[in-house]
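Peer 1: Questions regarding the structure given below will be posed in turn.
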Amino acid sequence: MEDLKALSTIVSRDFEVEEVWSEAQIRERLVQAFAYLLDNDISKMMNILYRADVDEEKLKSLLISNSELPSAEVIADAYLRRQKEKIETRKKYSR
């Protein structure tokens with residue numbers, strides 16, 4: 001539960017996310033947001049991914065290898081995975 005709260009807090013810096021949402025709800029919100037950004041504001045999306053430190057080359061590779069999935073889902077999953085990695089790193093070094 002603590003990790004979910006941390007995840008919600010991090011994601012809410014870039015997107016409107018309620019703190020009580022489940023991870024599945026956060027993911028769904030991110031998929032919708034990235035779908036919108038892909039269609040309407042790619043530069044803002046790239047800025048968000050840059051600030052989140054999502055590896056551009058890894059993301060390109062994921063988009064190619066998961067071409068059967070909507071791009072917004074692949075991007076949302078990469079963003080979410082990176083935010084979880086940050087939480088784990090912070091926990092590791094805060095001990």
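Sequence positions in the sequence shown follow full-length UniProt numbering and run 1 to 95. Just so you know, even glycine gets a beta-carbon here, dropped at the ideal spot from N, CA and C.
Nearest to residue 72 by CA position, among 3, 6, 38 and 17, is which residue?
Peer 2: Looking at the Cα atoms, 38 is the closest of the given residues.
Peer 1: Once DSSP output is grouped into helix, strand and coil, what is the label at residue 30?
Peer 2: helix
Peer 1: Whose C-alpha, out of 6, 35 and 50, is nearest the C-alpha of residue 69?
Peer 2: 35
Peer 1: What is the DSSP secondary structure of residue 90, reduced to helix, strand or coil?
Peer 2: helix
Peer 1: Cα separation between residue 5 and residue 57?
Peer 2: 29 Å
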